[in-house]
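A.B. asks:
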Amino acid sequence: MKKLLLGFLSLFIGATVFGQLSNYKYTFKIQGAKDTIFLANYFGKQLYYNDTAVADKNGTFIFSKKRSIKPGKFAIVQPGKMYFELIINEAEFTFKGDTSNLIGNMQVENSLENQLFYQYIKLINNKKTEIEALNKKYQASKSEKEKKKLSDEITAKNKEVIDFQKKMIADHPTALISEIVKMSMDIEIPEPPKNEDGSIDSTFQYYYYRDHYWDNTNLNNDALVRDPSYIKKLETYFDKVVLQHPDTISRYADKYISQLDPESEMFKITVNWLINHYSRSKIMGMDAVYIHMAKNYYMTGRAYWADSATVAKLTEKVIAASPTLIGKKAPAITLFDTTGNRLVSLYSVKAKYTVLYFWDSTCGHCKKATPKLKKIYEELHKYGVEVYAVGGELETDSWKKYIKKNELPWINVSDTPERPNGFRTVYDIFAYPKVFLLDEDKKIIAKQIGVVQLGDILLDKLKLKGQIDFGFEPADEDDEAH
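So for the sequence shown, the UniProt record's numbering puts the first residue at 1; every next one is plus one.
1) Taking just the CA atoms, how far does Ala431 sit from Leu21?
2) Does Ser348 pass the burial test, meaning 16 or more other C-beta atoms within 10 Å, or should it be called exposed?
3) Are the beta-carbon atoms belonging to Leu314 and Met266 less than 9 Å from one another?
4) Going by DSSP, what residue range makes up the alpha helix (DSSP H) through Arg280?
5) So, using beta-carbon positions, are Thr362 and Glu393 closer together than 9 Å?
6) Step through the CB atoms of chain B and report whether any lies within less than 9 Å of the CB of Ile457.
7) Going by DSSP, which residues form a beta bridge with Tyr42?
8) Give the DSSP-derived three-state secondary structure of Lys29 in the structure shown.
9) Can you tell me where the alpha helix (DSSP H) holding Val181 begins and where it ends?
10) My output table needs one value for Phe93: the three-state DSSP class, helix, strand or coil.
11) What residue from Lys282, Asn276 and Trp305 has the CA that sits closest to Ile291's CA?
12) Counting along the chain, where does the beta strand (DSSP E) carrying Asn412 start and finish?
13) Taking just the CA atoms, how far does Val390 sit from Asp428?
14) Measure how close the beta-carbons of Ile376 and Phe470 come, nearest whole angstrom, since I'm counting them as under 8 Å.
15) Tell me where the alpha helix (DSSP H) around Val318 begins and ends.
16) How long is the line joining the alpha carbons of Asp415 and Trp214, rounded to whole angstroms?
17) So, are the CB atoms of Thr354 and Leu438 less than 9 Å apart?
18) Taking the continuous beta strand (DSSP E) assigned at residue 491, which residues delimit it?
19) Could you tell me if Ala330 is buried or exposed, where buried requires 16 or more neighbouring beta carbons within 10 angstroms of its beta carbon?
20) Cα-Cα, which of Val161, Val385, Lys127 and Leu112 is closest to Ile457?
21) Any idea if Pro71 is buried or exposed, counting beta-carbon neighbours within 10 angstroms, 16 or more meaning buried?
22) Could you name the residues of the same chain whose beta carbon sits closer than 6 Å to that of Ile88, not counting the 5 residues immediately before and after it, in chain order?
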C-alpha cells in the first residue's frame, strides 16, 4: 500500500488544506478480520495508504490519531482478504460487521454519512440482483408481450434507484455522500424546442448536455476529488462530450478550469489529469493539448505544486515538440543525397503530398516498414506522392548499400559525422522509423503514424479508397515503431 503513495507523491507537494478533520477516531469491530487492516483514501481513481490499525485482544481495530484527515471516500483493506468502502466526513464513528457478508451485515454508529452510504449500497446491490434476473428472463423469452412487460419492470427498478438518489439529495443536501451521488448522476435534458417551421433542432440536446455537464458537481468541494467518480466524469467529458479536436479540447479545458479555485485540490487534480492524459494520448495531434497545458499552467507558475525541476523538464519537452505540431509548416531540412555532393532541400520537393520518412537501415522496425512504404510509393507516386527519406545513421556506408540493394526510388538524404545536421533535435527524433505527412505547402497533416496507416490516409486524401489495395494485413501495423 505504501508503494502506491510514492507513485503519486508529487501531486501532493504543496497541497492546500481544505475542510480537514482533526483528532479522529474510527472503530471497526469486524468478526473474522484478524491482525492488521489499512485505511486507504481515494485520490482520483487510485487508492493510497493513509493509516494502519492492529487488532486488540477483543478483535477491535481503532484508527486514532491526533492529526488531521481530509474528507472523502475511503476503504478498509486487508490485502487478499477484505475490502469495503466508507465515507469520512466525521471525526468519530463505529462500524460493526463480519467478513461473511460485509455489506449486508454492516452496522454503522454515530455516522449519518455512512448510514446513508450503506443504505444506498444495499439498495444498489439489491436492484442489481433483481435487474440481472429480469434481464435473463428477457433474453430467454420468445414472447414480445412478455419482453415488453419485463422491459417495463427493468425501467421501474432503475427509476426506484433514481428516486432514492433524488430523495437522499433533497433530504440531506449538505451530506458528502449526497454530493458524491449527485456528481455521478447525469443531468436531465429537456425536450428540444421546435423551430419556427415546426422542425426540431437536432443539436439542442447535445449542446445542452455539453453546456450543463458539470451542473451536478459542486466545484467548490475538494472532498469530491477523493472519489473515483470525479476522474470518470473528466474522462467522459473530454473523451466523449467535447468535440475531439485539439483546439476545442484546449478551449474547453481552460473554460472548465476557470471555474475552479486556483488553490484547490480540484484545480490541481484536474490540471494534472489533463496534462498526463494528453501526454499519453495515442490519437494523432493531441500532443497540442499537452503543450497547451504545459505552457498555460506549468510554465506560467499556475501549477503551484510543480517544482522547478518538473517545470524545466516540461519546458524542454515543449520546446522539442512545438515545431512539429499538426497544422504547422514542417521545419526546413537540407541534406546531402547518396552521392554526398548534392544538397536536397525538403522545400524543393514539388508534390501534392510529401512523406517525410526518418529511418535507419540497421533498425529492425525500419526493415519491416520500408518495403511497405516502397509499395505505397510505387502505387501512388503518379498521383502526386513523393517521399523524402532521411537516413538516421551518421555512418552512411550501410545506408547506401541498403538503398542500392532494395532499389529505393525516392529522394534519399542523410548527414555524416563530418557534416552533422540538427534534424534529430528539430523533429524530436528518438526512435525510428518516424513518419510525417505534409501537404503541398509542406504543412504537417499527419504524424505519429505507421506506414500502414499512412497508406490508408493517402488513399482517403486522394479519393482512391477501394480502387487500390496495398495488400497489407491490419496486424502489420504492430511491426512498426512510430
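Every residue gets a Cβ at the ideal spot worked out from N, C-alpha and C, and that includes glycine.
C.D. replies: In short:
1) 50 Å
2) exposed
3) no
4) No alpha helix (DSSP H) contains Arg280, which DSSP labels as neither H nor E.
5) yes
6) The structure shown contains no chain B; it is built from a single protein chain.
7) Leu47
8) strand
9) Leu176 to Ser184
10) strand
11) Asn276
12) Ile411 to Ser414
13) 14 Å
14) 6 Å
15) Ser308 to Ala321
16) 54 Å
17) yes
18) Absent from the structure is residue 491, since the part of the chain shown begins at 1 and ends at 482.
19) buried
20) Val385
21) buried
22) Pro71 and Phe74
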